[in-house]
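Note sheet for the following structure.
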Amino acid sequence: MWHSCARSRSAAGAQRESAALLHAARHAFALAWPPMLFGAALLYAWTQASARGWVDELILPPPGEILQQLSLGLSSGVLLPHLGVTLLQALLGFVIAVAAGIGVGAVIASSPLVERCFNPFLIAFEAMPKIAMAPLVIVWFGYGIWSKVVLAAVIAFFPILVSTILGLRASEPGRLDVLRALGASRAQEFRLVRLPGALPFIFSGINVAVVFVLLGSIVGEFVGAKQGLGTLILIANENLETARTFSILAILALLGMLLHFGVGALRQRLLFWAEPRTGSPPA
Amino acid sequence: MSTVLEAARPAIATPRAAPLIAVRELSKVYPTAKGERVQALSHIALDIAEGEFVSLVGPSGCGKTTVLRILAGLIGDYAGSVAVRGRAHCGPSREVGVVFQDANLMPWRTALANVLLPAEVLRLKGQEARAKELLAMVGLAGFERKLPGELSGGMRQRVAIARALLHDPALLLLDEPFGALDAMTRDTMNVELARIAAASRKTVFLITHSIAEAVFLSDRVLVMSPRPGRIVEEIAIDLPKPRGLDIIADRRFADTVVRIRRLLDGEGTAQLPSIAH
Chain A
1 MWHSCARSRS
11 AAGAQRESAA
21 LLHAARHAFA
31 LAWPPMLFGA
41 ALLYAWTQAS
51 ARGWVDELIL
61 PPPGEILQQL
71 SLGLSSGVLL
81 PHLGVTLLQA
91 LLGFVIAVAA
101 GIGVGAVIAS
111 SPLVERCFNP
121 FLIAFEAMPK
131 IAMAPLVIVW
141 FGYGIWSKVV
151 LAAVIAFFPI
161 LVSTILGLRA
171 SEPGRLDVLR
181 ALGASRAQEF
191 RLVRLPGALP
201 FIFSGINVAV
211 VFVLLGSIVG
221 EFVGAKQGLG
231 TLILIANENL
241 ETARTFSILA
251 ILALLGMLLH
261 FGVGALRQRL
271 LFWAEPRTGS
281 PPA
Chain B
1 MSTVLEAARP
11 AIATPRAAPL
21 IAVRELSKVY
31 PTAKGERVQA
41 LSHIALDIAE
51 GEFVSLVGPS
61 GCGKTTVLRI
71 LAGLIGDYAG
81 SVAVRGRAHC
91 GPSREVGVVF
101 QDANLMPWRT
111 ALANVLLPAE
121 VLRLKGQEAR
131 AKELLAMVGL
141 AGFERKLPGE
151 LSGGMRQRVA
161 IARALLHDPA
171 LLLLDEPFGA
181 LDAMTRDTMN
191 VELARIAAAS
201 RKTVFLITHS
211 IAEAVFLSDR
221 VLVMSPRPGR
231 IVEEIAIDLP
241 KPRGLDIIAD
251 RRFADTVVRI
261 RRLLDGEGTA
271 QLPSIAH
């Protein structure tokens with residue numbers, strides 16, 4: 001009796017579970033079908049345009065050829081080392097930009113006088129297109145990875161710096177009063193109130209920076225490098241291998257999305273308290 | 001019928017033992033942007049005895065928050081003297097715990113971690129058990145791991161009260177702690193506050209613009225004039241403790257509230273009170 005009862009209970013549980021799974025699948029499908037349909041239509045039009053000779057293959061190679069180049073590049077082992085170099089440069093530049101951006105931001109936001117000293121120079125430097133420094137950075141740091149790391153870091157530094165200063169300046173006075181009434185030191189104020197409170201701002205800067213480091217890495221490679229996806233693009237372009245160029249662009253798009261999702265995951269870990277409470281899909 | 005309210009004593013109370021807090025000739029002048037000087041406080045004198053519950057009521061802008069911020073050590077630039085247990089009081093002190101109008105919790109810390117914040121600042125070790133006890137005392141047992149964003153306004157203010165008590169201060173300063181809450185929550189919180197003050201045996205100094213709240217909670221109510229802030233009257237509340245919300249119906253309660261309202265309004269109109277307003 002007990003046995004059958006337990007079995008029927010677990011059967012009911014399994015039924016509930018599969019119903020929930022079905023519901024989740026339906027929800028995912030409802031979200032996914034419009035972009036999938038649009039993508040398929042686009043791909044079809046592109047394939048047709050190439051097959052019927054509406055566009056020159058040199059300008060827009062057919063999707064099949066790009067895919068072929070991609071699998072060739074990956075399977076032959078040509079792409080991966082270059083991808084590794086470009087990613088490494090971007091990541092190192094990112095780490096340096098985050099550390100320097102938050103550090104310098106903390107110094108500048110520490111007093112109005114310091115901020116007033118720095119402000120005009122920051123505005124001037126921010127207004128200058130940092131990419132224009134690429135040739136100079138190559139002269140300073142050579143053809144190896146460090147010139148790209150520096151360029152990526154310089155470009156990504158400013159959004160983080162600006163958002164850090166804004167975030168630290170926006171510290172809620174009430175929270176600071178709580179610490180001050182306890183006789184907290186300035187270091188404690190920074191660690192316990194100002195920095196965590198500034199994190200939502202800092203992350204908006206980081207979201208921009210993570211795109212910029214890839215940009216800095218590639219532009220640095222264009223100007224002068226021995227390795228990296230940027231150099232591959234230059235070579236493919238010189239040989240008019242457009243499909244190859246497209247395959248590298250596809251990799252770069254994936255790389256950018258990967259970095260973006262990485263930042264998103266980090267944000268979720270650190271800013272669990274600031275996430276807007278979005279309802280999870282009904283389960 | 002005998003008057004329960006003692007006739008106003010002289011403006012400076014002189015409790016039996018040496019007072020916990022003694023304020024003399026306290027004045028504060030704020031410079032304005034135009035270079036003028038605004039007299040916020042003028043020759044304030046007050047004593048708070050150990051274990052006493054004292055409220056300061058007055059119209060908005062009369063400087064009552066300035067008094068509290070000076071006692072909290074958040075304003076150091078003033079004329080006159082402030083002494084805690086006979087010692088000159090300058091700057092923040094471990095003898096004082098403060099609850100502000102906003103709970104001012106750190107949204108990235110759980111309720112328990114927020115209560116433990118003073119331990120971190122003052123480098124006190126092994127306070128977890130005490131923090132949990134305090135959370136239980138303010139009625140939040142089981143909410144230790146909740147984030148402030150998951151708590152109601154009243155719950156957040158309870159966490160703030162527990163936090164203010166963690167380092168076991170002698171004096172609890174409350175700056176309109178329930179001003180941001182709705183009237184019903186506020187009534188409940190006032191009953192809770194009376195219980196917490198009795199349970200923790202703390203000396204409490206409450207700033208409020210709600211006369212009924214002050215009368216309901218206090219042993220003594222100090223009435224402040226508009227700017228420049230002076231203490232114009234001091235009224236002992238001799239209603240028996242513990243007091244329940246039904247005391248609002250008590251004639252003596254209503255009389256006291258009306259009397260203080262008249263003091264604040266000049267001869268102005270008196271309305272029948274609720275606890276909240």
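Going down the list, the sequences are from chains A and B.
For the first sequence, position 189 matches number 189 in the working numbering, and the numbering has no gaps at all.
For the second sequence, position 75 matches number 75 in the working numbering, and the numbering has no gaps at all.
Positions of the beta carbon are idealized from the N, C-alpha and C atoms, including for glycine.
Remember, predicted model here, so these are calculated numbers, not experimental data.
Which partner residues of residue i appear in the DSSP bridge assignment?
i: B/Gly229; result: B/Leu41
i: A/Ala32; result: Per DSSP, none; premise fails for A/Ala32.
i: B/Arg87; result: B/Val84
i: B/Ala79; result: B/Ser27
i: B/Val54; result: B/Phe205, B/Arg220
By the three-class DSSP mapping on this structure, what secondary structure does residue i have?
i: B/Leu222; result: strand
i: B/Val99; result: strand
i: A/Gly174; result: helix
i: B/Thr284; result: No answer is possible for residue 284 of chain B: the residues shown for chain B start at 1 and end at 277.
i: A/Arg169; result: helix
i: A/Lys130; result: helix
i: B/Ser60; result: coil
i: B/Leu263; result: helix
i: B/Leu20; result: coil
i: B/Lys28; result: strand
i: B/Ile235; result: strand
i: B/Ile48; result: strand
i: A/Ala283; result: The pLDDT assigned to A/Ala283 is 32, lower than 50, so where the model puts this residue is not dependable, and the model offers no usable value.
i: B/Thr203; result: strand
i: A/Ile59; result: coil
i: B/Met1; result: In this prediction, B/Met1 has a pLDDT of 36, which is less than 50 and means its spatial position is unreliable; what the coordinates show is noted afterwards. In the structure shown, B/Met1 sits in coil (DSSP, three-state: anything other than H, G, I, E or B).
i: A/Gly53; result: coil
i: A/Phe272; result: coil
i: A/Gly264; result: helix
i: A/Trp46; result: helix
i: A/Asn239; result: coil
i: B/Asp250; result: coil
i: A/Gly13; result: helix
i: A/Ala19; result: helix
i: B/Leu113; result: Per the sequence shown, residue 113 of chain B should be read as Ala rather than Leu. Looking at B/Ala113 - three-state DSSP - the assignment turns out to be helix.
i: A/Gly64; result: helix
i: B/Gly244; result: coil
i: A/Ser71; result: helix
i: A/Leu179; result: helix
i: A/Pro200; result: helix
i: A/Ser163; result: helix
i: A/Arg191; result: helix
Would you mind telling me which residues of chain A sit closer than 7 Å to residue i, beta carbon to beta carbon, in chain order?
i: B/Ala72; result: Ala181
i: B/Leu147; result: Trp273
Give me the chain A residues within the contact set of residue i, using Cβ-Cβ distance strictly less than 9 Å, ordered along the chain.
i: B/Glu133; result: Near B/Glu133 there are no residues of chain A at all, since even the closest Cβ is about 20 Å away, more than 9 Å.
i: B/Pro177; result: Those do not exist, as B/Pro177 stays about 13 Å from chain A at its closest Cβ, beyond 9 Å.
i: B/Pro59; result: Ordered by position in chain A, no residue passes the 9 Å Cβ test against B/Pro59, which lies about 23 Å from the chain.
Can you pull the chain B residues whose beta carbon is under 7 Å from the beta carbon of residue i, in chain order?
i: A/Gly174; result: Phe100, Asp102, Asn104
Anything in chain B within Cβ reach of residue i, meaning under 9 Å, just list it in chain order.
i: A/Trp54; result: Here the premise fails: no neighbours, minimum Cβ distance about 56 Å.
What does residue i reach in chain A if we use C-beta pairs closer than 8 Å?
i: B/Gly91; result: Gly183
i: B/Val96; result: Ala181
i: B/Pro321; result: Any property of residue 321 of chain B remains undetermined from this structure, which presents chain B solely from 1 to 277.
i: B/Val121; result: Leu179, Leu182, Gly183, Ala184, Gln188, Leu192
i: B/Pro31; result: The contacting residues do not exist; B/Pro31 stays about 17 Å from chain A at best.
i: B/Pro118; result: Leu182
Under 7 Å: does the beta carbon of residue i sit that close to some heavy atom of the ligand SAH?
i: B/Pro118; result: The ligand SAH is not part of the structure shown, which contains no ligands of any sort.
What residues of chain B sit near residue i, judged by a beta carbon separation below 8 Å?
i: A/Pro196; result: Met106, Trp108
Kindly say whether residue i, judged by its beta-carbon, lies nearer than 8 Å to any beta-carbon of chain D.
i: B/Glu36; result: No chain D appears in this structure, whose protein chains are A and B.
*Taking only runs that begin and end inside the stretch 132-200 of chain B, name each unbroken beta strand (DSSP E) of 3 or more residues, in chain order.*
Whole beta strand (DSSP E) segments, 3+ residues: 171-175.
*asked:* Quick check for students: name the residue ranges of the alpha helix (DSSP H) that lie wholly in the stretch 76-122 of chain A, counting only runs of 4 or more.
replied: Runs of the alpha helix (DSSP H) lying entirely within the stretch 76-122 of chain A, each at least 4 residues long, are 79-108 in chain order.
*Cβ pair count under 8 Å reaching 3, the stretch 100-115 of chain B against the stretch 137-151 of chain B*: Touching, yes, given that three or more Cβ pairs across the two stretches are closer than 8 Å.
*asked:* Assess contact between the stretch 61-79 of chain A and the stretch 238-256 of chain A, defined as three or more Cβ pairs (one per stretch) separated by less than 8 Å. Is contact present?
replied: The answer is yes - the stretch 238-256 of chain A touches the stretch 61-79 of chain A, with three or more Cβ pairs under 8 Å.
_the stretch 191-205 of chain B touching the stretch 115-126 of chain B, judged by at least three CB pairs closer than 8 Å_ = Contact annotation: the stretch 191-205 of chain B does not touch the stretch 115-126 of chain B, with fewer than three C-beta pairs closer than 8 Å.
*asked:* Within 8 Å, do at least three Cβ pairs link the stretch 208-221 of chain B to the stretch 157-166 of chain B?
replied: Contact between the stretch 157-166 of chain B and the stretch 208-221 of chain B is absent, because fewer than three Cβ pairs lie under 8 Å.
*asked:* When you compare the stretch 212-228 of chain A with the stretch 124-141 of chain A, are there three or more beta-carbon pairs, one atom per stretch, that lie closer than 8 Å?
replied: Touching, yes.
*Any chance the stretch 201-215 of chain A sits against the stretch 89-103 of chain A, with 3 or more Cβ pairs inside 8 Å?*
By the criterion of at least three beta-carbon pairs nearer than 8 Å, the stretch 201-215 of chain A is in contact with the stretch 89-103 of chain A.
*Does the count of Cβ pairs from the stretch 176-186 of chain B and the stretch 34-45 of chain B closer than 8 Å reach three?*
With the cut-off at 8 Å, the stretch 176-186 of chain B and the stretch 34-45 of chain B do not touch.
*Tell me, please, whether the stretch 139-149 of chain A touches the stretch 223-238 of chain A by the rule of three or more beta-carbon pairs shorter than 8 Å.*
Yes: at least three Cβ pairs fall under 8 Å.
*Take every Cβ of the stretch 175-192 of chain A, pair it with every Cβ of the stretch 250-270 of chain A, and state whether three or more of those distances are shorter than 8 Å.*
Result no; under three Cβ-Cβ pairs closer than 8 Å.
*Answer yes if the stretch 44-63 of chain A comes into contact with the stretch 99-114 of chain A, meaning at least three C-beta pairs across the two stretches below 8 Å, and no otherwise.*
Too few Cβ pairs lie closer than 8 Å, so no.
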